[in-house]
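Below you'll find the structure, written out as structure tokens, and then a few comments.
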Amino acid sequence: MNIILLIAATFTLALVQGNNQPCQRNSNDNAYNEFVLRHVLQESFNRYSRTDWATYIMKYGLCDRPRQTFIKGRNQVDLVQTCNGSGRPLLNSYNGN
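Positions -18 to -1, 1 to 79 (mature numbering (1 follows the signal peptide of the UniProt record, and there is no 0)) are the ones given, in order, by the sequence shown.
Structural data, given as structure tokens:
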């Protein structure tokens, strides 16, 4: 019985508080570029080295963020496709806007 209540509560909260549209328009014209700078690795380095990570984070001014999340630069094509209409590319290449 408890498990059914837990599932029902989780489902209800997901419907009420869920983010149903994560890729909404943003009035900030530079939002995509800011996201790329903060989350797409801009250069290659030894990702197993704390010193190299510290250098990278300081170089790109990311020290004010308590949690760091990154994706590899080679995955940027997937990111562009995701941000351009539910994962479907609207254009063959990203034109910078």
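Note that beta-carbon positions come from the ideal geometry of N, C-alpha and C, so glycine has one too.
*residue 27 vs residue 38 beta-carbon contact at 7 angstroms*: yes
*State the Cα-Cα distance for the pair residue 36 and residue -12, rounded to the nearest angstrom.*
42 angstroms
*So, are the CB atoms of residue 54 and residue 23 less than 7 angstroms apart?*
yes
_Element boundaries [alpha helix (DSSP H), containing residue 19]_ = 13 to 21
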